[in-house]
């Protein structure tokens, strides 16, 4: 057999294949095979689509086996649907449905392009941030944000520490925001002009006291504590006559001025301009004589003085605790360190508390110098052979449910948490103690943690532990800037130096972060009636009396429960059991 060259059509009209070439039957000639015309520039399409799915079961039944070759529809033609050379798999799953609630459903109802949706979401987010920032500014302005521990629920019904009389003239009004920007550095170290009084040695045994081995707080009724103001101090009068300085004050008054931005409660200082000299005084029975408790806490204490946990009752209790603590932690064996002069306030034969008065002078500028009476409470033997001066203060716990931290459980394992809580609740008091230690030049400040024996017994207390800090390190820890402290004092001195001779009073506003300076008559505060706190004999009771009182309260509660039981039958019995529990 010869080689079959196949069928070659003959073109009688010219070169090349004929226009309509005949297809032999061996190649399917005469069969109905779909064919899509194309040019040389077109891309080749598919020959058969084996993945085509009919529209439904009926169409599937009617479809022939040759339907995979059916490209007669417009969508499948190469002309109408030329495909890209690259192939992409498209997810045919429907998009998840959005819930028909919330703010997003309202904006997603309209079909939008993804870019448009992203732009609207970003615009809404920016608007929400602007609105939040506006509300925060309004809230901060309304709550008087003069320091981070400010209590937001400070009521406007709080009264000033002194009654503002109608004949007083307001000379200055200074917001706390102005104080925070001040800075002044004292050029030289302070100069010691005089040292008076006598102090005892600190007992190191109290450094080992812990909540499991607590010490009962003793009472020192025989020792006298003196709270003498500036102009009543005979030593300051003598220094003023000798023209040793132009400004005179005490460490308590200077500390109150230096820590003004941290204060919440109202207080006042009397300023007297005599010639070219300034005297900063406090009134008899002033708020500066009492220690505040939970002044900067978020929860406000009750104002009823009859309540043992009221602001006034806790201030009196904290003051007595602080005095007794400062005398108990000393060696009372008779050995004392005496100074240049004896206690200037104690009369002959009177036993004074262990306090040393250090009269120091600071030079503020070429024309103004300041003399302050500072206090140290104890002395400690330095390993190098010298002496270290100490200040002694006590923090008091009255009810763990109010403060939120139980000292007896946390002091041994989490001392930092206890101190952080006190820094939040008593920021102003701790800052004042630190400022007084810095003014006195103390080498160490001791902080005692004193708690009630029972939360409802405010007469008996226990010393749980004692911690020691260096004043400068502790000032850095509580964010107390010495340059800002002296800047506040310098600015107030400069303002008062511009006034005429007379008497003025500086009052901290009880509801706003600001201080006001009033000009008052020369005889103001001389005949004021002062509500003195109860004497210590009435403030402190023996523990036996407290137990007897508790038994009486339990008996009264039981009698009341029995009466309720007789009146209400079975329900009264349950009430009596609950009351007894």
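Residue numbers (the numbering used here): 4 to 584. Each residue gets a CB set at the ideal place from its N, CA and C atoms; glycine is no exception.
Exposed unless 16 or more other CB atoms sit within 10 angstroms - verdict on residue i
i, result
"residue 557", "Below a pLDDT of 50, predicted positions are generally treated as unreliable, and residue 557, at 49, falls in that range; the measurement from the model is reported next regardless. Looking at its Cβ environment, which holds fewer than 16 other Cβ atoms inside 10 Å, residue 557 is exposed."
"residue 20", "exposed"
"residue 149", "With a pLDDT of only 43 at residue 149, under the threshold of 50, the placement of this residue in the model should not be trusted; the figure read from the coordinates follows. It counts as buried."
"residue 490", "buried"
"residue 271", "buried"
"residue 211", "exposed"
"residue 10", "exposed"
"residue 612", "Coverage of the chain is limited to positions 4 through 584, which leaves residue 612 absent and any answer about it impossible."
"residue 476", "exposed"
"residue 275", "buried"
"residue 545", "Low confidence applies here, because residue 545 scores a pLDDT of 43, under 50, leaving its location unreliable and the question unanswered by this model."
"residue 285", "buried"
"residue 97", "exposed"
"residue 64", "Residue confidence for residue 64 is low, a pLDDT of 49 falling below 50, so the modelled location carries little weight and cannot support an answer."
"residue 200", "buried"
"residue 18", "exposed"
"residue 182", "buried"
"residue 457", "exposed"
Residue from the options whose Cα sits closest to the Cα of residue i
i, options, result
"residue 504", "277, 448 and 285", "277"
"residue 507", "164, 97 and 171", "171"
"residue 355", "210, 369, 9 and 329", "329"
"residue 395", "206, 222, 407 and 340", "206"
"residue 586", "264, 401, 218 and 123", "The question about residue 586 has no answer here: the residues shown for the chain are numbered 4 through 584."
"residue 438", "405, 427 and 378", "378"
"residue 316", "511, 122, 527 and 459", "459"
"residue 520", "283, 17 and 190", "283"
"residue 357", "498, 511 and 393", "393"
"residue 331", "481, 224, 423 and 347", "224"
"residue 189", "492, 513 and 499", "492"
"residue 525", "409, 353, 273 and 407", "273"
"residue 478", "518, 441, 232 and 308", "441"
"residue 369", "174, 167, 165 and 191", "191"
"residue 161", "304, 15, 174 and 320", "304"
"residue 462", "17, 198, 226 and 322", "322"
"residue 245", "163, 127, 374 and 228", "374"
"residue 433", "320, 302, 297 and 518", "297"
"residue 527", "128, 6, 182 and 165", "165"
Residue i - containing alpha helix (DSSP H), residue span
i, result
"residue 406", "403–406"
"residue 421", "418–428"
"residue 323", "314–331"
"residue 215", "Premise fails: residue 215 is in no alpha helix (DSSP H) and is neither H nor E."
"residue 410", "410–413"
Extent of the continuous beta strand (DSSP E) run through residue i
i, result
"residue 481", "From DSSP, residue 481 is part of no beta strand (DSSP E); its letter is neither H nor E."
"residue 507", "505–511"
"residue 464", "460–472"
"residue 283", "280–284"
"residue 384", "381–384"
"residue 365", "358–366"
Residue i vs residue j beta-carbon contact at 8 Å
i, j, result
"residue 294", "residue 259", "no"
"residue 363", "residue 195", "yes"
"residue 453", "residue 324", "yes"
"residue 376", "residue 253", "yes"
"residue 361", "residue 419", "no"
"residue 400", "residue 214", "no"
"residue 487", "residue 185", "yes"
"residue 269", "residue 421", "no"
"residue 466", "residue 217", "yes"
"residue 359", "residue 342", "yes"
"residue 383", "residue 204", "yes"
"residue 299", "residue 404", "no"
"residue 517", "residue 168", "no"
"residue 410", "residue 193", "no"
Counterpart residues of residue i in DSSP-defined beta bridges
i, result
"residue 344", "199"
"residue 252", "375"
"residue 19", "Answer is none; residue 19 lacks a bridge partner."
"residue 447", "393"
"residue 178", "517"
"residue 398", "452"
"residue 272", "509"
"residue 209", "Note: residue 209 sits in no beta bridge, so no partner."
"residue 238", "Answer is none; residue 238 lacks a bridge partner."
"residue 298", "Answer by DSSP bridge pairing: none, since residue 298 is not bridged."
"residue 355", "227"
"residue 261", "Bridge partners of residue 261: none, in fact."
"residue 172", "522"
Residue i: CB within 7 Å of a non-hydrogen atom of the ligand FAD
i, result
"residue 237", "The model on display carries no ligand, and the ligand FAD is accordingly not part of it."
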